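Numbering (full-length UniProt numbering), first residue to last: 1 to 172.
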């Protein structure tokens, strides 16, 4: 691996840490966008240009903008962080971080064998992604599509009820 790849990986890790430790939600969303952008650069370095473009368009472009829109719409009250001490998510994060560091240490010292990874497939091309998506991963793809449809319908129903308008049944 080149020094540039390690530098981009370090930037990606720093942006991910910034997402978690930032006190302001807008800053967390911007750190998330930086993380997605650095991951796209890593995809380009791995010769997966299609995945890099999808990463930028879908995640950095769409998802982060949606998160920022929701943050701006809902607003943020600085008094929300009134809890002091360790909360459950903080304890869970510490435990999972400890497990991750221990497994990484065991792997580096040779005491833990995780097996060899498979060879790098041609996963960066649109035809390879489409072939894998609609052959090997057809059932999970359909499941996710149905799940997203149910979530969309649920959001529409919840939004309609919260606005104070009665839900009218169609006649006919």
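Cβ atoms here follow ideal geometry from the backbone N, Cα and C, with glycine treated the same way.
Remember, predicted model here, so these are calculated numbers, not experimental data.
Sequence-distant residues of its chain with Cβ nearer than 6 Å to residue i (five each side left out)
i, result
"residue 64", "29, 32, 33"
"residue 91", "none"
"residue 154", "none"
"residue 16", "35"
Which of helix, strand or coil DSSP assigns to residue i
i, result
"residue 30", "helix"
"residue 48", "coil"
"residue 109", "helix"
"residue 23", "coil"
"residue 125", "coil"
"residue 2", "coil"
"residue 131", "helix"
"residue 137", "coil"
"residue 38", "helix"
"residue 159", "helix"
"residue 97", "helix"
"residue 61", "helix"
"residue 75", "coil"
From the options, residue whose alpha carbon lies closest to that of residue i
i, options, result
"residue 45", "6, 14, 22, 19", "6"
"residue 49", "136, 150, 128, 142", "128"
"residue 20", "99, 148, 94", "94"
"residue 12", "22, 3, 40, 2", "40"
"residue 14", "2, 4, 141, 38", "38"
"residue 126", "3, 100, 8, 53", "53"
Beta-carbon contacts of residue i that lie in its chain and below 8 Å, excluding the five residues immediately before and after
i, result
"residue 71", "25, 26, 29"
"residue 58", "none"
"residue 56", "36, 37, 40"
Residue i: CB within 8 Å of a non-hydrogen atom of the ligand MG
i, result
"residue 34", "No copy of the ligand MG occurs in the structure displayed, which carries no ligand at all."
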